[in-house]
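Peer 1:
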Amino acid sequence: MSYTTNYQVFEIFEKFQKAKTRKDKVSVLQKHSCMAVKDVLRGTFDDAIQWNLPAGPVPYEENSEQSVPSSLLKQHLKFKYFVKGLRESEQLNSIRRERMFLEMCESVHPRDAEILVAMINKKPPVKGLTKKLVQEAYPNLIQA
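Our numbering puts the first residue of the sequence shown at -3, with every later residue one more than the last.
This is the structure:
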């Protein structure tokens, strides 16, 4: 089952949040399946992924422009620079890596930036999203 999405990542999570039943929530995740959403879910719930960034609040300047220069649909490709143990992450010094993350947060919609900060803190991006529900929607995404 393969779908494409015309929605931003934060819009997909908003649809998820509005869904009433567990079945509907799983359906939203499956219907709007894209690599950016899956990467956020793995980054949040997969214990094998540890972030090479400081935990806690991120001191970025929220993007207030009507049209943001980028989106999480594109920026998720940079996640490899922030995962502990990956060559791309380990080759960067911590100041450069943290600056890259700040720039990413500042280049996307404010709601997507909130999702990024929640992800590196291993917190669900929206209420009601659990590891078990993600495993139901995408059985092979997260290793148990």
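By construction, the Cβ of each residue, glycine as well, lies at the ideal position given by its N, Cα and C atoms.
Quick one: what does DSSP say residue 64 is sitting in, helix, strand or coil?
Peer 2: Coil, per DSSP.
Peer 1: Within this structure, are the beta carbons of residue 45 and residue 79 separated by less than 8 angstroms?
Peer 2: Contact: yes.
Peer 1: What does DSSP give as the partner residue(s) for residue 79 in the beta ladder?
Peer 2: Per DSSP, 47.
Peer 1: Okay, do the stretch 131 to 138 and the stretch 16 to 25 touch, 3+ Cβ pairs below 8 angstroms being the bar?
Peer 2: Result yes; three or more Cβ-Cβ pairs closer than 8 angstroms.
Peer 1: Between the C-alpha atoms of residue 15 and residue 123, what's the straight-line distance to the nearest angstrom?
Peer 2: Roughly 11 angstroms separates the two Cα atoms.
Peer 1: On the three-state DSSP scale, how would you describe residue -3?
Peer 2: In this predicted model, residue -3 has a pLDDT of only 39, less than 50, meaning its place in the structure is not dependable enough to derive any value.
Peer 1: In angstroms with no decimal places, state the Cα-to-Cα distance between residue 60 and residue 117.
Peer 2: Roughly 23 angstroms between the two C-alpha positions.
Peer 1: Which residues in the same chain as residue 109 place their Cβ atom closer than 6 angstroms to its Cβ, once the five residues preceding and following it in sequence are excluded?
Peer 2: These residues qualify, in order along the chain: 101.
Peer 1: So the alpha helix (DSSP H) residue 39 belongs to, where does it begin and stop?
Peer 2: Its alpha helix (DSSP H) spans residues 31 to 41.
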